[in-house]
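Going down the list, the sequences are from chains A and B. To convert, count from 1 in the first sequence and add 347; that's the numbering used here. To convert, count from 1 in the second sequence and add 347; that's the numbering used here. Note that CB positions come from ideal geometry on N, CA and C, so glycine has one too. These notes concern the structure reproduced below.
2 protein chains.
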Amino acid sequence: MKITLDTKILIVGLGLMGGSYAMALSKQGYKVRAITTTQKSIDYAVEHNLILSGTTTPEPKLIADADLIIFALYPHTFLEWIEEYGHWITQGTLITDVTGVKTAIIDRIDALLPDNVEFIASHPMAGREVYGVKNATDQIFKDANFIVTPTKRNSEDACKTCEQLGHILGFATVTRLTPQEHDDMIGFLSQLTHCIAISLMTCNDSPNLENYTGDSFRDLTRIARINDEMWSELFLLNKENLISHMEKFELEFDKLKQALMDNDIKSVREMMRKSTERRAKFDQN
Amino acid sequence: MKITLDTKILIVGLGLMGGSYAMALSKQGYKVRAITTTQKSIDYAVEHNLILSGTTTPEPKLIADADLIIFALYPHTFLEWIEEYGHWITQGTLITDVTGVKTAIIDRIDALLPDNVEFIASHPMAGREVYGVKNATDQIFKDANFIVTPTKRNSEDACKTCEQLGHILGFATVTRLTPQEHDDMIGFLSQLTHCIAISLMTCNDSPNLENYTGDSFRDLTRIARINDEMWSELFLLNKENLISHMEKFELEFDKLKQALMDNDIKSVREMMRKSTERRAKFDQN
Numbered sequence: 348m349k350i351t352l353d354t355k356i357l358i359v360g361l362g363l364m365g366g367s368y369a370m371a372l373s374k375q376g377y378k379v380r381a382i383t384t385t386q387k388s389i390d391y392a393v394e395h396n397l398i399l400s401g402t403t404t405p406e407p408k409l410i411a412d413a414d415l416i417i418f419a420l421y422p423h424t425f426l427e428w429i430e431e432y433g434h435w436i437t438q439g440t441l442i443t444d445v446t447g448v449k450t451a452i453i454d455r456i457d458a459l460l461p462d463n464v465e466f467i468a469s470h471p472m473a474g475r476e477v478y479g480v481k482n483a484t485d486q487i488f489k490d491a492n493f494i495v496t497p498t499k500r501n502s503e504d505a506c507k508t509c510e511q512l513g514h515i516l517g518f519a520t521v522t523r524l525t526p527q528e529h530d531d532m533i534g535f536l537s538q539l540t541h542c543i544a545i546s547l548m549t550c551n552d553s554p555n556l557e558n559y560t561g562d563s564f565r566d567l568t569r570i571a572r573i574n575d576e577m578w579s580e581l582f583l584l585n586k587e588n589l590i591s592h593m594e595k596f597e598l599e600f601d602k603l604k605q606a607l608m609d610n611d612i613k614s615v616r617e618m619m620r621k622s623t624e625r626r627a628k629f630d631q632n
Numbered sequence: 348m349k350i351t352l353d354t355k356i357l358i359v360g361l362g363l364m365g366g367s368y369a370m371a372l373s374k375q376g377y378k379v380r381a382i383t384t385t386q387k388s389i390d391y392a393v394e395h396n397l398i399l400s401g402t403t404t405p406e407p408k409l410i411a412d413a414d415l416i417i418f419a420l421y422p423h424t425f426l427e428w429i430e431e432y433g434h435w436i437t438q439g440t441l442i443t444d445v446t447g448v449k450t451a452i453i454d455r456i457d458a459l460l461p462d463n464v465e466f467i468a469s470h471p472m473a474g475r476e477v478y479g480v481k482n483a484t485d486q487i488f489k490d491a492n493f494i495v496t497p498t499k500r501n502s503e504d505a506c507k508t509c510e511q512l513g514h515i516l517g518f519a520t521v522t523r524l525t526p527q528e529h530d531d532m533i534g535f536l537s538q539l540t541h542c543i544a545i546s547l548m549t550c551n552d553s554p555n556l557e558n559y560t561g562d563s564f565r566d567l568t569r570i571a572r573i574n575d576e577m578w579s580e581l582f583l584l585n586k587e588n589l590i591s592h593m594e595k596f597e598l599e600f601d602k603l604k605q606a607l608m609d610n611d612i613k614s615v616r617e618m619m620r621k622s623t624e625r626r627a628k629f630d631q632n
């Protein structure tokens with residue numbers, strides 16, 4: 348399937364991410380409809396030309412008519428939705444998602460879907476520290492990565508369609524990873540960093556720190572403002588990878604602490620030089 | 348002493364910080380001279396109107412003539428310099444510094460100085476990930492904090508002069524802390540954050556991570572590019588405070604890890620809500 352201006356796109360869940368998808372697509376003339384829980388979000392999205400129309404009640408006809416359904420829900424809501432309404436999705440409809448973890452989701456969704464409905468999972472690695480359709484903006488995609496995570500059950504055609512979606516949305520890069528590679532990578536780059544930011548933000552109760560805070564502390568704690576409902580769910584669904592990365596980080600941090608305790612300036616400087624060299628690579632991209 | 352356009356200012360050490368001081372002062376018409384190790388740095392600074400003149404050889408007359416001497420050296424170089432040339436500083440000259448740690452320095456400097464030469468310590472909480480006078484810019488001061496750290500030996504007049512210097516340099520805020528308060532605060536806000544960034548950058552050797560890295564990881568590791576010679580010295584001079592903060596961070600991080608291992612979603616969410624609430628306070632400033 349090639350996505351064209353005639354493709355009937357249905358977004359389920361008009362939050363920050365669903366709303367931002369809707370904005371990027373509608374701006375370019377694609378036909379976007381939506382199902383979400385509150386009429387207020389639909390009214391806002393229609394008023395701001397993010398969608399053509401929407402409903403708070405999943406309707407069989409709307410679902411059956413869709414060529415491409417994008418699920419922008421929390422993982423457990425995604426599963427519950429497919430369990431309850433998945434049988435209304437018809438053969439030939441392609442479905443994708445925005446879920447931040449993959450292995451814990453894909454097999455369970457596949458098992459619930461009707462035969463001949465293909466789910467090609469993907470993860471838009473973009474976000475903001477604010478929520479809801481009112482904060483939606485397609486600007487979050489422009490420097491970000493879109494990752495398609497096919498399994499052996501996926502067709503090459505579905506992978507290509509999903510990659511096309513990533514390009515239409517305006518992502519800087521569109522790549523493929525296995526669900527396992529994805530979850531390992533996300534456990535390190537995204538989930539571990541959030542765990543660090545949270546712990547840094549909560550480990551010192553001294554008042555007035557904000558009066559002395561420079562860029563370093565601000566940079567390290569920007570992501571300490573976190574949607575606890577969504578992220579706690581994502582952490583637990585990927586906890587094996589996450590805990591393994593937390594442990595590797597702890598070992599390294601402890602190595603540095605021990606070197607300081609031992610006045611072992613040589614080891615301290617070695618770690619600093621290694622980190623400097625590795626970080627420089629990230630600036631070249 | 349009030350700093351005026353006639354005040355003879357001498358900067359010892361024309362690196363990034365000394366050079367940035369020189370730029371901010373000279374731009375406003377203050378008379379700045381410098382002593383530094385390489386002729387190249389002096390030539391560059393004269394050419395770019397950062398200083399009136401400079402020398403690589405500490406000259407008794409230049410030092411004796413100065414009303415205000417600013418030491419922008421590494422801690423051990425600062426101590427060595429005062430030990431070797433400090434006797435040339437004359438009564439009434441005020442000296443200050445830029446050193447990132449205070450308790451380990453102040454008493455030792457005071458003990459080496461001639462009687463009637465007052466050292467009022469201060470710390471410009473500003474910097475860049477690049478070094479040398481060629482990267483000097485007074486722009487680094489405009490959103491930053493300037494902290495004066497007097498001891499009981501300091502006169503109120505010297506404190507005021509040093510605060511005036513902070514304002515002239517263009518710092519957003521100028522405040523006072525005791526050396527002990529300063530070192531505790533800096534151990535947490537600056538040194539702990541650098542230890543975290545270094546460990547995060549070195550704890551995972553997977554290739555190609557930079558292809559998937561989003562803003563979170565970039566933000567947390569920006570300061571992992573670090574001048575190992577300077578920072579290892581500062582870490583060790585403040586190691587009691589730093590190690591204590593590292594341990595508090597480790598405890599909190601471990602609490603989060605344990606909650607994940609126990610599937611204790613309530614505790615995970617509680618930590619996230621606490622971090623969100625605390626971080627919000629930092630955005631109001």
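Excluding sequence positions up to five before and after B/C542, its CB lies within less than 8 angstroms of the CB of F582, L589, M593, all in the same chain and listed in chain order. No Cβ of chain A is located within less than 8 angstroms of the beta carbon of B/F493. At a C-beta separation below 8 angstroms, A/C506 has no neighbours in chain B, since its nearest C-beta there lies roughly 18 angstroms away. Cα atoms of B/R616 and A/E431: separation of roughly 28 angstroms, rounded to the nearest angstrom. Annotated as proximal: B/H514 and B/V521, with beta-carbon spacing under 8 angstroms.
If you ignore the 5 residues before and after A/A392, its C-beta comes within less than 7 angstroms of the C-beta of L361, G366, A369, A381, I398, G401, V480, all in its own chain and listed in chain order.
Per DSSP, reduced to three states, the secondary structure at B/L598 is helical. Scanning the region 494-562 of chain B from its first residue to its last, the whole alpha helix (DSSP H) runs of 4-plus residues come out as 503-516, 526-533, 540-549. Inclusion of B/G561 and A/A468 in the CB contact set at 8 angstroms is not warranted, their separation being larger than that value. Taking CB atoms only, B/E510 has no neighbour in chain A less than 8 angstroms away. Nothing from the region 359-375 of chain B brings a Cβ to less than 8 angstroms from some Cβ of chain A. The Cβ of A/F488 sits no closer than 8 angstroms to any Cβ of chain B. For A/N501, none of the residues of chain B pass the 9 angstroms Cβ criterion, the least Cβ distance being about 20 angstroms. Linking B/L516 to A/Q605 through their CA atoms gives a straight-line distance of about 38 angstroms.
Note that the C-beta distance between A/L512 and A/T443 is below 8 angstroms. With contacts defined by Cβ atoms closer than 8 angstroms, A/N482 and A/L607 do not form a contacting pair. Under the 8 angstroms criterion on CB atoms, A/D485 is classed as non-interfacial with respect to chain B. Cβ atoms of A/D566 and B/D566 come within 8 angstroms of each other, at about 5 angstroms. Secondary structure note for A/H470: its beta strand (DSSP E) is the uninterrupted segment 469-472. According to DSSP, residue pairing for B/R380 in a beta bridge involves B/L357, B/S400.
Runs of the alpha helix (DSSP H) lying entirely within the region 440-490 of chain B and spanning at least 4 residues, in chain order: 450-459.
For the region 562-577 of chain A, residues whose beta-carbon sits nearer than 9 angstroms to a beta-carbon of chain B comprise D562, S563, F564, R565, D566, L567, T568, R569, I570, A571, R572, I573, N574, D575, E576. In its chain, beyond the 5 residues on either side, W435 have a beta carbon closer than 7 angstroms to the beta carbon of B/P407. With respect to B/V445, B/A419 sits close: the two C-beta atoms are nearer than 8 angstroms. Scanning chain B for C-beta atoms nearer than 7 angstroms to the C-beta of A/E465 yields nothing, as the closest lies near 25 angstroms away. Contacts with chain B at 8 angstroms (Cβ-Cβ) do not include A/T525. Interface flag for A/T496 against chain B is unset, since no Cβ pair is found closer than 8 angstroms. For A/L524, the CB contacts under 6 angstroms within the same chain, skipping 5 residues up- and downstream, are I494, T496 in chain order. Look at A/K449: its C-beta is not under 8 angstroms from any C-beta on chain B.
A/L415: member of the beta strand (DSSP E) spanning 415-418, first to last residue. 8 angstroms or more divides the Cβ of A/I456 from the Cβ of A/A473.
At the C-beta level, A/I358 and A/K378 stay beyond 8 angstroms of one another. At least 8 angstroms separates the CB of A/M348 from every CB of chain B. Of B/N396, B/K449, B/T384, B/Q386, the smallest CA-CA separation from B/K374 is found for B/N396. The DSSP-derived three-state label of B/N492 is strand. The beta carbon of B/R620 sits closer than 8 angstroms to some beta carbon of chain A.
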